[in-house]
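Peer 1: Under our numbering, the first residue of the sequence shown is numbered 524, with each subsequent residue one higher.
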Amino acid sequence: MSNSGKRIIIDCDTGIDDALALLLAIQYPDWEILGITAVSGNVPLEHTAPNCIRICTLAGKKIPVYAGAAQPLYRERHTAEMVHGKNGIGGVELPLGYDVEHELALSYLTRIVHANPGDIEIIALGPLTNIAQAVLTDPHFSEQVGHLTIMGGAIHGGNATAAAEFNIYADPEAARIVFNAGIPMTMVGLDVTNRALLDYKIFDRWRNSDNAVVRTAGEILYSFRHFFDGIEMEGIALHDPLAVACVIDPTLITTRDLFIDIETKSPIASGKTVADELRVTGKEPNISAAVGLDLKRFLKLFIEAIEGYSQGVPGSLIRRGRGETKLVF
524 MSNSGKRIII
534 DCDTGIDDAL
544 ALLLAIQYPD
554 WEILGITAVS
564 GNVPLEHTAP
574 NCIRICTLAG
584 KKIPVYAGAA
594 QPLYRERHTA
604 EMVHGKNGIG
614 GVELPLGYDV
624 EHELALSYLT
634 RIVHANPGDI
644 EIIALGPLTN
654 IAQAVLTDPH
664 FSEQVGHLTI
674 MGGAIHGGNA
684 TAAAEFNIYA
694 DPEAARIVFN
704 AGIPMTMVGL
714 DVTNRALLDY
724 KIFDRWRNSD
734 NAVVRTAGEI
744 LYSFRHFFDG
754 IEMEGIALHD
764 PLAVACVIDP
774 TLITTRDLFI
784 DIETKSPIAS
794 GKTVADELRV
804 TGKEPNISAA
814 VGLDLKRFLK
824 LFIEAIEGYS
834 QGVPGSLIRR
844 GRGETKLVF
């Protein structure tokens with residue numbers, strides 16, 4: 524299946540970087556975004572589901588949103604309001620343009636994948652609880668998903684703890700189920716997303732835009748800055764937008780096929796994505812993990828996509844040509 528004409532489901536816990544990832548995805552006209560499934564993560568489900576709708580409304584789109592898991596599979600919920608604010612989007616208030624669907628995310632995921640075997644690509648930007656529930660519920664789900672790209676994990680290090688990245692840490696049992704389900708997967712983790720830094724000057728410029736989408740993107744990112752100032756990073760890491768960008772243009776990253784499992788028992792390493800870099804387990808790779816990033820091309824794609832909203836035509840054409848992705852207005 525080519526990059527053009529993909530049929531996409533986005534599974535997310537809409538906080539700040541998820542919101543920017545949704546704005547990027549909506550700008551890619553060749554995709555058919557069939558639906559968005561919400562999960563608890565950055566903030567509780569009561570905020571993540573309506574936040575998906577708020578961002579779609581802002582972008583002038585009506586994409587169905589389905590509410591999913593409000594809790595991890597087997598443990599207490601961990602959220603990140605200290606980073607994303609109580610409402611998940613840094614306290615920025617946005618209108619709610621339509622309602623969450625009556626059908627639940629689990630039912631929707633299993634139904635739509637079963638009806639379109641091999642034709643659906645899922646981009647998972649939050650904890651993997653919804654995907655794990657689908658794997659556990661439908662014995663054919665794993666073999667029928669065309670591809671799964673996740674923002675999560677890391678070969679080295681973490682951000683929720685010294686060992687674990689937040690999305691995996693928030694529901695490590697779900698992640699372990701998904702990583703071992705046999706779904707064709709790409710992991711876009713901290714090894715590359717921590718390099719995907721947007722300079723503060725960019726979103727300061729956006730905050731003064733006459734366009735509501737661009738201005739809101741700037742305000743949401745500005746609310747994020749307190750956290751990144753505290754850890755002395757030279758910009759804001761675009762974790763979830765990078766995962767979306769890699770599905771738009773896979774050449775933005777280089778990957779390495781690895782066997783990766785999830786630690787679920789250790790009190791100091793729960794949620795760690797344990798990568799068999801030296802092939803000592805004898806197990807076949809189960810995931811393509813991102814290890815390299817073309818930062819310049821990614822930032823160009825992302826900045827132009829957001830600023831494209833100011834052209835007055837949401838869905839400005841993103842086209843690939845001669846090895847790079849660019850916007851054509």
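No residue lacks a Cβ here, since even glycine has one placed at the ideal position from N, Cα and C.
Buried or exposed for Glu-855, please, with buried defined as at least 16 other CB atoms from any protein chain shown within 10 angstroms of its CB.
Peer 2: With the chain covering only 524 through 852, there is no way to say anything about residue 855.
Peer 1: Hey, would you say Ala-592 sits closer than 8 Å to Thr-652, going by beta carbons?
Peer 2: Yes. Within cutoff.
Peer 1: Give me the Cα-Cα distance between Glu-807 and Ile-706, rounded to the nearest whole angstrom.
Peer 2: So the two alpha carbons sit approximately 13 Å from each other.
Peer 1: As an exercise, report each continuous beta strand (DSSP E) stretch of at least 3 residues that is fully enclosed by the stretch 646-709, in chain order.
Peer 2: Residue ranges of uninterrupted beta strand (DSSP E) with 3 or more members, entirely inside the stretch 646-709 and ordered along the chain, are 670-674.
Peer 1: Using only the alpha-carbon positions, how far apart do Ala-813 and Trp-554 sit?
Peer 2: 22 Å
Peer 1: Between which two residues does the alpha helix (DSSP H) carrying Ser-630 extend?
Peer 2: 628-638
Peer 1: Quick check on DSSP: helix, strand or coil for Ala-603?
Peer 2: coil
Peer 1: With DSSP as the reference, please indicate the residues paired to Glu-555 in a beta bridge.
Peer 2: Arg-530
Peer 1: Please work out which residues of its chain come closer than 6 Å, Cβ to Cβ, to Asp-536, disregarding the five sequence neighbours upstream and downstream, and give them in chain order.
Peer 2: Val-562, Gly-564, Asn-565, Thr-571, Gly-649
Peer 1: Within 10 angstroms of its Cβ, does Asn-610 collect 16 or more other Cβ (buried), or is it exposed?
Peer 2: buried
Peer 1: For the candidate residues Gln-550, Glu-624, Gly-558, whose alpha-carbon lies nearest to that of Val-737?
Peer 2: The option with the nearest alpha carbon to Val-737 is Gln-550.
Peer 1: I'd like to know if Val-711 contacts chain D, where contact means its C-beta is closer than 8 Å to some C-beta of that chain.
Peer 2: No chain D is present in this structure, which holds just one protein chain.
Peer 1: For the stretch 633-650 and the stretch 660-675, state whether three or more C-beta atom pairs, one from each stretch, are separated by less than 8 Å.
Peer 2: Remark: three or more beta-carbon pairs, one from each stretch, lie closer than 8 Å, so the stretch 633-650 and the stretch 660-675 are flagged as touching.
Peer 1: Around the C-beta of Val-762, are 16 or more other C-beta atoms found within 10 angstroms, so that it is buried, or is it exposed?
Peer 2: The question names Val, yet the displayed sequence has His at residue 762. So His-762 ends up on the buried side.
Peer 1: By how many angstroms is the C-alpha of Ala-798 removed from the C-alpha of Pro-662?
Peer 2: Each residue's Cα considered, the two are about 26 Å apart.
Peer 1: Going by C-alpha to C-alpha distance, which of Leu-619, Ile-646, Thr-580 sits closest to Val-770?
Peer 2: Ile-646
Peer 1: Would you say the beta carbon of Ala-592 is closer than 7 Å to some non-hydrogen atom of the ligand ZN?
Peer 2: This structure does not include the ligand ZN; it has no bound ligands of any sort.
Peer 1: List the DSSP bridge partners of Leu-720.
Peer 2: Ala-760
Peer 1: Run the CB neighbour count on Arg-853, radius 10 Å, all protein chains shown included, and call it buried at 16 or more, exposed below.
Peer 2: The displayed coordinates of the chain run from 524 to 852. Any statement about residue 853 would go beyond what the structure contains.
Peer 1: Among Gly-794, Phe-782, Asn-717, Val-701, which residue has its Cα nearest to the Cα of Met-756?
Peer 2: Asn-717
Peer 1: Would Ser-789 be called buried (16 or more neighbouring beta carbons within 10 Å of its own) or exposed?
Peer 2: exposed
Peer 1: Tell me, please, which residues DSSP counts as bridged to Arg-779.
Peer 2: Ala-812
Peer 1: Candidates Glu-827, Ala-760, Ala-683: which alpha carbon is nearest Thr-602's?
Peer 2: Ala-683
Peer 1: Decide if the stretch 717-733 is in contact with the stretch 815-824; the criterion is three or more beta carbon pairs, one per stretch, under 8 Å apart.
Peer 2: yes
Peer 1: Between Ile-785 and Asn-809, how many whole angstroms is the CB-CB distance? I'm expecting something under 8 Å.
Peer 2: Taking 8 Å as the upper bound for CB-CB distance, Ile-785 and Asn-809 are not in contact here, some 11 Å apart.
Peer 1: Can you give the Cα-Cα distance for Phe-747 and Asp-541, rounded to whole angstroms?
Peer 2: 12 Å
Peer 1: Measure from the alpha carbon of Ile-743 to the alpha carbon of each residue in Thr-660, Leu-546, Ala-697, then state which is nearest.
Peer 2: Leu-546
Peer 1: Of all the options Tyr-745, Leu-801, Lys-823, Tyr-723, which has the alpha carbon lying nearest to the alpha carbon of Cys-772?
Peer 2: In the sequence on display, residue 772 carries Asp and not Cys. The option with the nearest alpha carbon to Asp-772 is Lys-823.
Peer 1: Out of curiosity, what's the CA-to-CA distance linking Gly-608 and Lys-584?
Peer 2: 25 Å
Peer 1: With respect to the beta strand (DSSP E) encompassing Ala-798, which residues constitute its N-terminal and C-terminal limits?
Peer 2: 796-798
Peer 1: Would you kindly check if the distance between the Cβ of Asp-714 and the Cβ of Ile-678 is under 8 Å?
Peer 2: Yes.
Peer 1: Where do the N-terminal and C-terminal ends of the beta strand (DSSP E) with Ala-590 fall, by residue?
Peer 2: Annotation: the continuous beta strand (DSSP E) that includes Ala-590 extends over 588-590.
Peer 1: For Ala-655 versus Ile-700, is the C-beta spacing smaller than 8 Å?
Peer 2: yes
Peer 1: Please state whether the Cβ-Cβ distance between Asn-574 and Ile-612 is less than 8 Å.
Peer 2: yes
Peer 1: Where do the N-terminal and C-terminal ends of the alpha helix (DSSP H) with Asn-574 fall, by residue?
Peer 2: 568-581
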